[in-house]
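See structure below.
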Ligand SMILES: Nc1ncnc2c1ncn2[C@@H]1O[C@H](COP(=O)(O)OP(=O)(O)OP(=O)(O)O)[C@@H](O)[C@H]1O
Ligand SMILES: [Mg+2]
């Protein structure tokens, strides 16, 4: 089943008298349990693709479907609900709250998703174990390495059992060995939990870890990695 589908999506921005076509008739489907890497030069439209897939920007035309919801037809309130319920986000820098422990980062996200506290506590402990940092559950981000912070970020993205994870350059702040570990972790969790994961990356070394590599150039998909 497709967890995420983009059909003929167009997104453009005004640039003086011209328009920049950030996404130019982009169609892409991603199955549950698949890690897709999106690669392309700076300015090619990678973050724009994540923004429309994440219901953060509405395309001018085309459809974005998550599970069986057409999010392009949804109201802003419905889109916010879909984000909390069906999506997980992993950022370049892990974007954790400095004052919160690893456990509390997850509990806070769970609260936004409306998950009961007792359930969230059990899931948070299970996820911190799954990403290999049970022993750092009570630490704040300042007491964690970059790789450990990304592990917390991945666990946080999974707390609502999302259909789709969107990760924008999740390894760019890490050294090569740590970057590979983080992508392998993301891939393993994607497979185990049957999430559809889209990971934007500049990093050629880690493309090989993805199930499929999609290449974008000037807002168009020039290779969708299908065999
Ligand atoms: N808010 C905006 N206003 C105007 N133009 C924008 C805006 N956001 C993106 N663009 C333009 O859209 C195009 C695609 O940008 P996007 O951020 O998607 O690229 P990217 O592939 O993520 O690049 P990078 O690798 O540098 O992060 C670029 O030409 C960019 O300048
Ligand atoms: Mg970008």
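Residue numbers (this note's numbering): -10 to 216.
Backbone N, C-alpha and C fix where the C-beta goes; we use that ideal spot for every residue, glycine too.
Note that the structure is a prediction, hence the values are computed from the model and not measured.
State the beta-bridge partners of residue i as determined by DSSP.
i: residue 188; result: 26, 156
i: residue 3; result: 8
i: residue 52; result: -4
Shortest alpha-carbon distance to residue i belongs to which of the options?
i: residue 36; options: 193, 211, 198, 189; result: 189
i: residue -8; options: 161, 137, 150; result: 150
i: residue 95; options: 134, 119, 144; result: 144
i: residue 91; options: 199, 162, 146; result: 146
i: residue 43; options: 73, 30, 31; result: 73
Identify, in the order they occur along the chain, each residue of the same chain with its Cβ nearer than 7 Å to the Cβ of residue i, setting aside the five sequence neighbours on each side.
i: residue 17; result: -5, 203, 210, 213
i: residue 58; result: 71
i: residue 89; result: 97, 129
i: residue 132; result: none
i: residue 19; result: -9, -8, -7, 25, 185, 187
Does residue i come out as helix, strand or coil in the three-state DSSP assignment?
i: residue 141; result: helix
i: residue 82; result: coil
i: residue 21; result: coil
i: residue 15; result: strand
i: residue 47; result: coil
i: residue 136; result: helix
i: residue 164; result: coil
Counting only the same chain and skipping the five closest in sequence on each side, list residues whose C-beta sits under 8 Å from that of residue i.
i: residue 218; result: Because the chain spans -10 through 216 in this model, residue 218 falls outside it and cannot be assessed.
i: residue 2; result: 8, 9, 11
i: residue 48; result: -2, -1, 0, 12, 41, 61
Could you pull out every residue in the same chain whose Cβ sits closer than 6 Å to the Cβ of residue i, ignoring the five residues on either side in sequence?
i: residue 40; result: 46
i: residue 201; result: 25, 214
i: residue 142; result: 79, 83
i: residue 33; result: 205, 206
Segment contact, 8 Å Cβ cut-off, at least three pairs: the stretch 96 to 107 with the stretch 119 to 127 | Result no; under three Cβ-Cβ pairs closer than 8 Å.
Validate contact between the stretch 51 to 60 and the stretch 113 to 123 using beta carbons, cut 8 Å, 3 pairs | The way I'd put it, the stretch 51 to 60 doesn't touch the stretch 113 to 123; fewer than three beta-carbon pairs between them come closer than 8 Å.
Counting Cβ pairs closer than 8 Å, one from the stretch 79 to 98 and one from the stretch 146 to 165, do we hit at least three?
-> yes
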